[in-house]
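Asks: Heads up: the protein sequence lines correspond to chains A and B, in order.
For what it's worth, this note's numbering labels the leading residue of the first sequence as 1, then goes sequentially.
For what it's worth, this note's numbering labels the leading residue of the second sequence as 429, then goes sequentially.
Here a beta-carbon is modelled for each residue, glycine too, at the ideal position from N, C-alpha and C.
First, the structure itself, so that you have it in front of you.
There are 2 protein chains.
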Amino acid sequence: MTAQAMQVPAPTLEQRMLALGQAAREAGRTLAQATAEARNGALRQAAAAIRRNAATILEANGRDMAAARERALGPAMLDRLLLDAKRIEAMARGLEEIAALPDPIGACIAEWTMPNGLRISRVRVPLGCIGIIYESRPNVTADAGGLCLKSANATILRGGSESFHSSRAIHSCLAWGLRAAGLPEAAIQMVPVTDREAVGHLLAMSGHVDVIVPRGGRSLIERVQKESRIPVLAHLEGNCHVYLHEAADPDMARHIVLNAKMRRTGVCGAAETLLVDRAAAARLLPAVIGDLIAAGCEVRGDAPTQTLDRRVRPASEADWRTEYLDAIIAVRQVEGLEAAIAHIETYGSHHTDSIVTADIAVAERFLREVDSAIVLHNASTQFADGGEFGMGAEIGIATGKLHARGPVGAEQLTSYKYVVHGTGQCRP
Amino acid sequence: MTAQAMQVPAPTLEQRMLALGQAAREAGRTLAQATAEARNGALRQAAAAIRRNAATILEANGRDMAAARERALGPAMLDRLLLDAKRIEAMARGLEEIAALPDPIGACIAEWTMPNGLRISRVRVPLGCIGIIYESRPNVTADAGGLCLKSANATILRGGSESFHSSRAIHSCLAWGLRAAGLPEAAIQMVPVTDREAVGHLLAMSGHVDVIVPRGGRSLIERVQKESRIPVLAHLEGNCHVYLHEAADPDMARHIVLNAKMRRTGVCGAAETLLVDRAAAARLLPAVIGDLIAAGCEVRGDAPTQTLDRRVRPASEADWRTEYLDAIIAVRQVEGLEAAIAHIETYGSHHTDSIVTADIAVAERFLREVDSAIVLHNASTQFADGGEFGMGAEIGIATGKLHARGPVGAEQLTSYKYVVHGTGQCRP
Numbered sequence: 001m002t003a004q005a006m007q008v009p010a011p012t013l014e015q016r017m018l019a020l021g022q023a024a025r026e027a028g029r030t031l032a033q034a035t036a037e038a039r040n041g042a043l044r045q046a047a048a049a050i051r052r053n054a055a056t057i058l059e060a061n062g063r064d065m066a067a068a069r070e071r072a073l074g075p076a077m078l079d080r081l082l083l084d085a086k087r088i089e090a091m092a093r094g095l096e097e098i099a100a101l102p103d104p105i106g107a108c109i110a111e112w113t114m115p116n117g118l119r120i121s122r123v124r125v126p127l128g129c130i131g132i133i134y135e136s137r138p139n140v141t142a143d144a145g146g147l148c149l150k151s152a153n154a155t156i157l158r159g160g161s162e163s164f165h166s167s168r169a170i171h172s173c174l175a176w177g178l179r180a181a182g183l184p185e186a187a188i189q190m191v192p193v194t195d196r197e198a199v200g201h202l203l204a205m206s207g208h209v210d211v212i213v214p215r216g217g218r219s220l221i222e223r224v225q226k227e228s229r230i231p232v233l234a235h236l237e238g239n240c241h242v243y244l245h246e247a248a249d250p251d252m253a254r255h256i257v258l259n260a261k262m263r264r265t266g267v268c269g270a271a272e273t274l275l276v277d278r279a280a281a282a283r284l285l286p287a288v289i290g291d292l293i294a295a296g297c298e299v300r301g302d303a304p305t306q307t308l309d310r311r312v313r314p315a316s317e318a319d320w321r322t323e324y325l326d327a328i329i330a331v332r333q334v335e336g337l338e339a340a341i342a343h344i345e346t347y348g349s350h351h352t353d354s355i356v357t358a359d360i361a362v363a364e365r366f367l368r369e370v371d372s373a374i375v376l377h378n379a380s381t382q383f384a385d386g387g388e389f390g391m392g393a394e395i396g397i398a399t400g401k402l403h404a405r406g407p408v409g410a411e412q413l414t415s416y417k418y419v420v421h422g423t424g425q426c427r428p
Numbered sequence: 429m430t431a432q433a434m435q436v437p438a439p440t441l442e443q444r445m446l447a448l449g450q451a452a453r454e455a456g457r458t459l460a461q462a463t464a465e466a467r468n469g470a471l472r473q474a475a476a477a478i479r480r481n482a483a484t485i486l487e488a489n490g491r492d493m494a495a496a497r498e499r500a501l502g503p504a505m506l507d508r509l510l511l512d513a514k515r516i517e518a519m520a521r522g523l524e525e526i527a528a529l530p531d532p533i534g535a536c537i538a539e540w541t542m543p544n545g546l547r548i549s550r551v552r553v554p555l556g557c558i559g560i561i562y563e564s565r566p567n568v569t570a571d572a573g574g575l576c577l578k579s580a581n582a583t584i585l586r587g588g589s590e591s592f593h594s595s596r597a598i599h600s601c602l603a604w605g606l607r608a609a610g611l612p613e614a615a616i617q618m619v620p621v622t623d624r625e626a627v628g629h630l631l632a633m634s635g636h637v638d639v640i641v642p643r644g645g646r647s648l649i650e651r652v653q654k655e656s657r658i659p660v661l662a663h664l665e666g667n668c669h670v671y672l673h674e675a676a677d678p679d680m681a682r683h684i685v686l687n688a689k690m691r692r693t694g695v696c697g698a699a700e701t702l703l704v705d706r707a708a709a710a711r712l713l714p715a716v717i718g719d720l721i722a723a724g725c726e727v728r729g730d731a732p733t734q735t736l737d738r739r740v741r742p743a744s745e746a747d748w749r750t751e752y753l754d755a756i757i758a759v760r761q762v763e764g765l766e767a768a769i770a771h772i773e774t775y776g777s778h779h780t781d782s783i784v785t786a787d788i789a790v791a792e793r794f795l796r797e798v799d800s801a802i803v804l805h806n807a808s809t810q811f812a813d814g815g816e817f818g819m820g821a822e823i824g825i826a827t828g829k830l831h832a833r834g835p836v837g838a839e840q841l842t843s844y845k846y847v848v849h850g851t852g853q854c855r856p
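Put into C-alpha cells, the structure is as follows:
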C-alpha cells in the first residue's frame, strides 16, 4: 500500500451504516427472487452450523458473561444473557421449525376477474429490509434473523452491547447458512459496532430499511418510536387484564387467574391486573387471592379487596398502569361490564385481555368492545403467543393497529402486490 | 360572564388541536360500536344534505375562487378548486356509492380451532382515528370523510387553505348526516383554522390519531413523512412505465401506450416513461411515436430514439425521474427485460408498471421482479384505480409496503383483532 492510499480517511460510522443498508437492500432483491427451497436450505444449514459451533458460541458467551458480571448486571439480566447447551440446541431447533413452516412468499391471497377480462390477483411479497433492534437476548439473533429470512426479507440486526460476542458468533452461523445455500451473505447483517449512535443512523436509513422492529423494554421502544424516520412495528408492554364477571364459574375463575398470573410471570401475556365485579367479589375473590398468595404472588388491592384478605397490600393508581412482569398482581373491584371495559381502556396497553363469565351475551360485548390485539373468553391470557395461535415462531406481539396486530410471524413480515393479466385492455 | 371568567386565556392552537383529537378519539369509540345501518344512513343523509345545500356550497366555493383569482393561482389550481352543479352531484353520488359498498367492519377474516379447543378468529376492526391532509380539492372533504365513516374511523380533515370555505360547507353536510343518523358529530372533524402550524400539531398527536393520509403533491407528502410522529399511509408519485418487449404485438403496443399516456394525463396511473427493446425499436416505435405526437403529446427520447423521428426532443437523466402529469412522455431504448427492470427499479416510484409482450415467460418474470404496487401484462397503466379493481371508492394508491399497498379503499382503512373463545383453557 502506498503512502497516498493510506491517507484515505476511514469511513465514518454513518458511511459504514449506509454501506450496510445498501448491501442489505441489494441482498433483499436477490432474496425476493430466491426459491423457498434455497431460503429453507439456508435456515437448516444455519441450524447445523449452530450445533457444530456450539463450543465457539459458548466461548463467546463466556466473554459476554464475564464482562456482564464485572459490570455487576442483575440476575435477571444475566439469565437473559446466558447461553448453555440446551439454549443453543433450542436456537438450532427453532431455525429448523421456521424452515418447516409454510412458505409465506408468492402465495396468491385473492384472485378475481373484472367484467373487461382483466384477471387481478393479490400476491404476497416480502417487505424488503427489516431492522431489528433488541436487548441482550442472544437467541433473538437467530430467531429474528431466521424469521426474516423465511419471509425473504433482508435483515439488519442490532443487538444489545452486552450480548455482542454471543450474537456475533450466532450471526456467523447464519451467514454460513446463507453462503451454503448460495444466497447473499448480506441478507442477514449485524451492526458491527456497539456504539449507541449506530442505532440513530439505522433509524434514519429510510431509503434502505422498510420497517424497524424493536424488541425490548419500554425505554428502548420509546426511543425507537421517537427517533425513527422508518415505520416501526412495536411490541409495547403487555398490561393484560383478567376480568371476573359476576356470572363467572368460581372454579374456572381460580384456575384461569392463577395460570394467567403465575404460569410464567416474565412473559408479555402474563396478567397484571385482576378486575372483579363488586357484586361477586366476596364470593369469587377469597379463593382466588388464596391461590395466588399460596403460589408466592404478592396481591395489591383496592380498599374493598383489602377487607377480604388481610394479606392484600394497598394498590395505588400507579399499580393499574404497571406491567410487573413479576409475581405481583393488582386487584380492583368494578361495577360491572362497562366499568371493566372503561378500566381496560384507561389503563391497559391494548395487548391481551380476558373475561371469565358463563354469560355469553356479556362475553360477546367484552370481546367486541375491548380494543386489544387479543381478547379472550374463558381462557388464560398466557395463550398470547404466536405458537399457541398455530402461527409458528413470532418476532413479538404487535400492539399497534397498522400493518400487523397481535403475533408477528413470517406472514406478518410480508406485503403484497397486485398482478394484473390483460389481453390488450385499455381504459375507456 | 364575570370579569374573572373573562380573564381565562383563550386556548392555544395546540390546545384546540388536542381537544379536536380527544373528541375524535371518543367519537371513534362510539363509531366502532355503531351498526353498519347507522354509518350507511349517515352517508346517505350527508349526500342528501349536499344536494339540498348545493347553493350554499357553490356560494362558499365562489368566495374561495375569488380569493384564488386575486392571488393569481394558475389555471390547473383553479380547476381543482372549482365546484359546479355536476361536481356537487358527483360528490353526493360518491357518498351514496360508498354507503352501498359491503361493510368492512366486524367481518371474520379467518377462523380456526386449536387442538386444545380454543376457537380463534381474526375479526376486522376500524383503525381508530385517521388524519387526512390534502390540497385544495374540496371534493376530498366528502370522499375521504365518507370512506373513513364507512370504515368506522373517526377523521380529522385538514384541507388546503384555498378551499377552506368550500370544505367547511361540505363538512357541515357530513356533520348533518352524522347527527341525523344519531352518530357523534365529532366523528368527522375539520381543522377550524388555516394556520400552517395546525398541521404540525396534528402530526404530533400520536395519542389521538392512528394514521395520517396525505393527499397532494410531492412537497406535501415529503413534509408529512418528515414531520409526522404518526404512521403515514403515503401515496407518493406515480412515475409509471410501459415496457414494450421485443415480442410485443405492434397494434396492442400502439393502443396501450396511447391510452396509458393520453387517456388522462393528470392521473397517477398515467404512463410517464416508455421503455422499448432496442432490437424491436425500429419496428415498434415509429407508429407509437406518431400516435402520441398526433394526439398532442411531446415526446422526449434518448439518442437512438431521436434518430427514428425528428420530432422527438432530447431526454435527459432528469426525464427518467419525472412524473409529468402532462402530455409529455420520455422514451428510452433498453437491452432487453433485465435492463428494463433495472431502469424501473432505479427511476420508478413503485406505483404501476406494465409490460406489453406475447411471451408469457417474459411477462411472468416482469410481473414477479418489478417491485411495484401494481404490475400489469398487456394492459394500460391507467387501470391503476380502486374502482377499476372492483374495490369501490379509494383514498389513493399507497406506494409504501406497510399496511396497505395499491388502492386504499374502505377495507384498507381497517385493522383486525384476535377473538378467542375458550371453555376454561389454561396454558400448560
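Can you tell me which of the three DSSP states E70/A falls into?
Replies: Note: E70/A maps to helix in three-state DSSP.
Asks: Which first and last residues belong to the beta strand (DSSP E) in which V257/A is found?
Replies: First-last for V257/A: P250 to M262, but that is the alpha helix (DSSP H), not the beta strand (DSSP E).
Asks: Give me the Cα-Cα distance between Y416/A and E317/A, rounded to the nearest whole angstrom.
Replies: Between Y416/A and E317/A, the C-alpha separation is close to 44 Å.
Asks: Once DSSP output is grouped into helix, strand and coil, what is the label at M114/A?
Replies: Residue state, collapsed to three classes: coil.
Asks: Have a look at R44/A and A175/A and give me their C-alpha separation to the nearest angstrom.
Replies: Straight-line Cα distance between these residues: approximately 12 Å.
Asks: By a C-beta neighbour count over all protein chains shown, 10 Å radius and 16 as the cutoff for buried, is P612/B buried or exposed?
Replies: Buried.
Asks: Can you list the residues of chain A that I548/B reaches, using a CB-CB cut of under 8 Å?
Replies: Chain A residues near I548/B: F389 and G390.
Asks: Whose CA, out of V652/B, S647/B and A632/B, lies closest to the CA of V641/B?
Replies: Looking at the Cα atoms, V652/B is the closest of the given residues.
Asks: Note down the Cα distance separating Q189/A from M77/A, rounded to an integer number of angstroms.
Replies: Their Cα atoms are separated by approximately 25 Å.
Asks: Give the residues of chain A in contact with D638/B, contact being defined as C-beta atoms less than 9 Å apart.
Replies: Within 9 Å Cβ-Cβ: G400, K401 and L402.
Asks: Does any CB atom of chain B fall closer than 8 Å to the CB of L376/A?
Replies: It does: the Cβ of L376/A has a partner Cβ on chain B nearer than 8 Å.
Asks: Using a Cβ-Cβ cut-off of 8 Å, state whether E26/A counts as contacting chain B.
Replies: No - not a single Cβ of chain B is within 8 Å of the one on E26/A.
Asks: Does DSSP put I293/A in a helix, a strand or coil?
Replies: Residue state, collapsed to three classes: helix.
Asks: What's the call for E590/B, buried or exposed, on a 16-neighbour Cβ count within 10 Å?
Replies: Its Cβ being crowded by 16 or more others within 10 Å, E590/B is buried.
Asks: Which residues does DSSP list as the beta-bridge partners of L506/B?
Replies: According to DSSP, L506/B bridges with nothing at all.
Asks: Going by beta carbon distance, what residues of the same chain come within less than 8 Å of R888/B, once the five residues before and after it are set aside?
Replies: Only positions 429 to 856 of chain B appear in this structure, which leaves residue 888/B out of reach.
Asks: Taking the Cβ atom as the reference point for each residue, do A535/B and N468/B lie within a distance shorter than 8 Å?
Replies: Not in contact: A535/B and N468/B (Cβ atoms no closer than 8 Å).
Asks: With S579/B and A791/B assumed to form a contact (beta carbons below 8 Å), what rounded beta-carbon distance in angstroms separates them?
Replies: About 35 Å separates the two Cβ atoms, so there is no contact after all.
Asks: According to DSSP, what are the bridge partners of Y562/B?
Replies: For Y562/B, which the question treats as bridged, DSSP gives the partners R643/B.
Asks: Can you give me, in chain order, the residues of the region 641 to 652 of chain B that have a beta carbon less than 9 Å from any beta carbon in chain A?
Replies: Result list empty, no residue passes.
Asks: Relative to the C-alpha of V420/A, which candidate in G820/B, I802/B and A452/B has its C-alpha closest?
Replies: Considering only alpha carbons, the answer is I802/B.
Asks: Please classify V436/B: is it buried, with 16 or more other beta-carbons within 10 angstroms of its beta-carbon, or exposed?
Replies: Answer is exposed; the Cβ neighbour count stays below 16.
Asks: DSSP on I772/B, reduced to helix/strand/coil?
Replies: Three-state result, I772/B: helix.
Asks: For G336/A, count the other beta carbons within 10 Å of its own beta carbon; 16 or more makes it buried, fewer makes it exposed. Which is it?
Replies: Exposed, by the Cβ-count rule.
Asks: For R263/A, return the contacting residues in chain B, with the cut-off set at a CB-CB distance below 7 Å.
Replies: Simply R855.
Asks: Would DSSP call I360/A helix, strand or coil?
Replies: Helix at I360/A.
Asks: Quick check on C426/A: does DSSP put it in helix, strand or coil?
Replies: Three-state result, C426/A: coil.
Asks: Rank L664/B, R596/B and E454/B by C-alpha distance to the C-alpha of A614/B and give the top, closest one.
Replies: Here the closest residue by C-alpha is E454/B.
Asks: Please classify D195/A as buried or exposed, where buried requires at least 16 neighbouring CB atoms within 10 angstroms.
Replies: With fewer than 16 other Cβ atoms within 10 Å, it is exposed.
Asks: Using CA coordinates, which residue listed in H663/B, G850/B, L830/B and R521/B is at the minimum distance from P231/A?
Replies: Minimum Cα distance to P231/A is reached at L830/B.
Asks: May I have the straight-line CA-CA distance separating R550/B from I537/B, to the nearest angstrom?
Replies: Roughly 5 Å between the two C-alpha positions.
Asks: What does the alpha-carbon distance come out to for the pair F811/B and E766/B?
Replies: Each residue's alpha carbon lies about 25 Å from the other.
Asks: Compare the C-alpha of A271/A against each of E246/A, A340/A, I328/A and G216/A and name the closest.
Replies: Cα-wise, what sits closest to A271/A is I328/A.
Asks: What distance in whole Å lies between the Cβ atoms of I105/A and A24/A, which are believed to be in contact at a cut-off of 8 Å?
Replies: Incorrect: roughly 17 Å between the Cβ atoms, too far for contact.
Asks: My output table needs one value for R521/B: the three-state DSSP class, helix, strand or coil.
Replies: Of the three classes helix, strand and coil, the one that applies to R521/B here is helix, per DSSP.
Asks: Can you round the beta-carbon distance between A768/B and V759/B to whole angstroms, since I take them to be within the 8 Å contact cut?
Replies: With a Cβ gap of about 13 Å, A768/B and V759/B do not count as contacting.
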